[in-house]
Amino acid sequence: MTTATTITEALVVIDLQNDFCPGGALPVPDGDAIVPLVNRLLDRAAIRILTQDWHPAGHASFATSHVDKRPGDRAIVGGVEQTLWPVHCVQGTSGASFHADLHTDRADLLLRKGSRPDVDSYSAFFENDRITPSGLDGYLRARGVRGLAIVGLALDVCVAASAVDAARLGYTTRVVLPACRGIDLNGSLAAATGAMRSAGVLLDAGDALS
Ligand code: VGL
Ligand code: ZN
C-alpha cells in the first residue's frame with residue numbers, strides 16, 4: 003500500500019511596503035517589480051501571510067535615533083549590533099502601507115513586526131534579540147503547515163532572516179527568488195545567500211512559475 007503525503011505549504015510575503023519600493027524611504031532596487039508575480043503566488047497559495055515592518059516614530063533602528071550616526075552605520079540596538087536605517091515604515095504612514103497593487107485581500111494573516119521601540123525585528127519569527135517570538139510559529143503549527151514559500155523584500159535582510167529561522171524551526175522552506183529583491187549592502191546578498199543555504203533553505207529559481 004502506498005501513502006500519498008502532501009505537506010501544506012503557506013506563502014509568506016515579507017514587507018512588500020511602499021517604503022521598500024522605489025520612491026520610498028528605504029528603497030530596494032526594483033522592489034515594486036515583484037508585485038505581479040507575488041499576486042499570482044497569492045492566488046495559488048493554500049495559506050497566505052503578509053508581514054508588515056511597523057516601527058514607532060523614533061525607533062532604535064533609525065540612524066536619527068543615535069548621536070552622530072548615519073544610515074548604513076552600525077550600532078547596538080536592543081543589545082545586538084546591526085545596521086542603522088533611514089526612518090522607514092513608521093506606523094500609520096503611507097510608507098508603511100502595503101504596495102497599492104498587492105492583493106492584500108487574499109491574506110489569511112497580517113503580521114506586524116518591529117513595533118517595540120528598542121528592538122528591531124528582521125525575521126517574521128523572532129525579534130532581533132533572537133528570543134522574543136512573533137507567534138507565527140504557533141499559528142503555522144496550529145494550522146498544520148509544514149512547508150513555507152517565502153518571497154518579498156528585502157531578500158538579504160528580512161526575507162533571509164525569516165527563511166533561516168523557518169528552516170531552523172523545522173519547516174521545509176523555499177525562497178522563490180524571482181519574487182524577491184535585495185538591497186545588497188557591503189556584500190550582504192552573498193552573506194545572506196550563504197546563510198540560507200547552510201540552514202537548508204531551498205533557493206528556488208522559479209522554473210515552475212509560468
Ligand atoms: C527591512 C531594513 C530595515 C526589510 C526592514 O524588510 O528587509 N530592512 N527594516
Ligand atoms: Zn525596519
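In this text, residue positions in the sequence shown follow the working numbering: the first is 3, and each later residue adds one. From the three backbone atoms N, C-alpha and C, an ideal C-beta is built for every residue, glycine too.
Asked: Determine, using beta carbons only, whether Asp75 and Ala59 come nearer to each other than 8 Å.; Found: no
Asked: Hey, how far is the Cα of His68 from the Cα of Ala169?; Found: 34 Å
Asked: Verify whether the separation of the beta carbon atoms of Gly94 and Val121 is less than 8 Å.; Found: no
Asked: Is it buried or exposed for Pro24, if we count other Cβ within 10 angstroms and need 16 for buried?; Found: exposed
Asked: When the Cα atoms are used, what is the spatial distance from Ala77 to His101?; Found: 30 Å
Asked: I need the straight-line Cα distance from Ser164 to Gly202, nearest angstrom please.; Found: 13 Å
Asked: Please indicate yes or no: does the CB of Cys160 lie closer than 7 Å to some heavy atom of ligand 1?; Found: yes
Asked: If you run the structure through DSSP and keep just helix, strand and coil, what is Val15?; Found: strand
Asked: With three or more beta-carbon pairs closer than 8 Å as the criterion, would you say the segment 42-60 touches the segment 8-19?; Found: yes
Asked: Less than 7 Å separating the Cβ of Gly26 from some heavy atom of ligand 2?; Found: no
Asked: Could you tell me whether any non-hydrogen atom of ligand 2 is closer than 7 Å to the CB of Gly94?; Found: no
Asked: Looking at C-alpha atoms only, which residue of Lys71, Ser96 and Glu83 is the closest neighbour of Gln54?; Found: Ser96
Asked: In chain order, what residues of the same chain lie with their CB nearer than 6 Å to the CB of Asp32, ignoring the 5 residues before and after it?; Found: Arg183
Asked: Taking 7 Å as the cut-off, is the C-beta of Ser63 nearer than that to any heavy atom in ligand 1?; Found: yes
Asked: Closer than 7 Å to a non-hydrogen atom of ligand 2 - does that hold for the CB of Asp120?; Found: no
Asked: In its own chain, which residues sit with a C-beta less than 8 Å from the C-beta of Leu187, not counting the 5 before and 5 after it?; Found: Gly74, Thr85 and Asp158
Asked: Are the beta-carbon atoms of Ser117 and Phe127 separated by less than 8 Å?; Found: no
Asked: Using a threshold of 7 Å, is the CB atom of Ala126 nearer than that to any non-hydrogen atom of ligand 1?; Found: no
Asked: If you reduce the DSSP assignment to three classes, tell me which class Thr66 lands in.; Found: helix
Asked: Considering only C-alpha positions, which residue in the set Asp209, Leu44 and Leu142 is nearest to Asp107?; Found: Leu44
Asked: According to DSSP, is Arg76 helix, strand or coil?; Found: strand
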